[in-house]
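Q:
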Amino acid sequence: MRWHDSTIALSELGAKVFVEMPPGQTLTQLAAEVLPDAASIAMDASSVASVAVRVRAACRRAKD
Numbered sequence: 005m006r007w008h009d010s011t012i013a014l015s016e017l018g019a020k021v022f023v024e025m026p027p028g029q030t031l032t033q034l035a036a037e038v039l040p041d042a043a044s045i046a047m048d049a050s051s052v053a054s055v056a057v058r059v060r061a062a063c064r065r066a067k068d
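Next up, the structure:
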């Protein structure tokens with residue numbers, strides 16, 4: 005898997021929030037290392053609504 009390259013490419017396309025589901029820490033930590041200014045979130049398989057709430061909050065923080 006080319007996680008590093010993919011993460012950089014997504015960032016260059018404007019991605020500021022990365023969500024790992026089901027939760028773990030490996031990809032979340034890798035994203036945080038590669039893009040320290042981006043938000044990286046690990047979430048369980050919650051409802052779509054709860055995921056959307058967390059992602060919106062992370063997007064607002066990423067804009068600040």
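Going by the numbering used here, the first residue of the sequence shown is number 5, and it counts up by one from there. Glycine included, C-beta positions come from ideal geometry on N, C-alpha and C.
Is it buried or exposed, T11, if we count other Cβ atoms within 10 angstroms and call 16 or more buried?
A: Stepping through the sequence shown from its first residue, residue 11 is reached at position 7. Result: buried.
Q: Would you kindly report the start and end of the unbroken alpha helix (DSSP H) that includes S54?
A: Along the sequence shown, one-based indexing puts residue 54 at 50. Start and end: V52 to K67.
Q: Bridge partners for E24 per DSSP, in chain order?
A: Within the sequence shown, numbered from 1, the residue matching residue 24 stands at position 20. Paired residue(s): A46.
Q: Who are the Cβ neighbours of A43 in its own chain at under 8 Å, not counting the five residues just before and after it?
A: Locating residue 43 in the sequence shown gives position 39, counting from the first residue. Hits under 8 Å: K20, V21, F22, A62, C63, R65 and A66.
Q: Compare the beta carbon distance of I45 and T30 with 8 Å and say whether it is the shorter of the two.
A: By one-based count along the sequence shown, residue 45 stands at place 41. By one-based count along the sequence shown, residue 30 stands at place 26. No; because the gap between Cβ atoms is not below 8 Å, this pair is not in contact.
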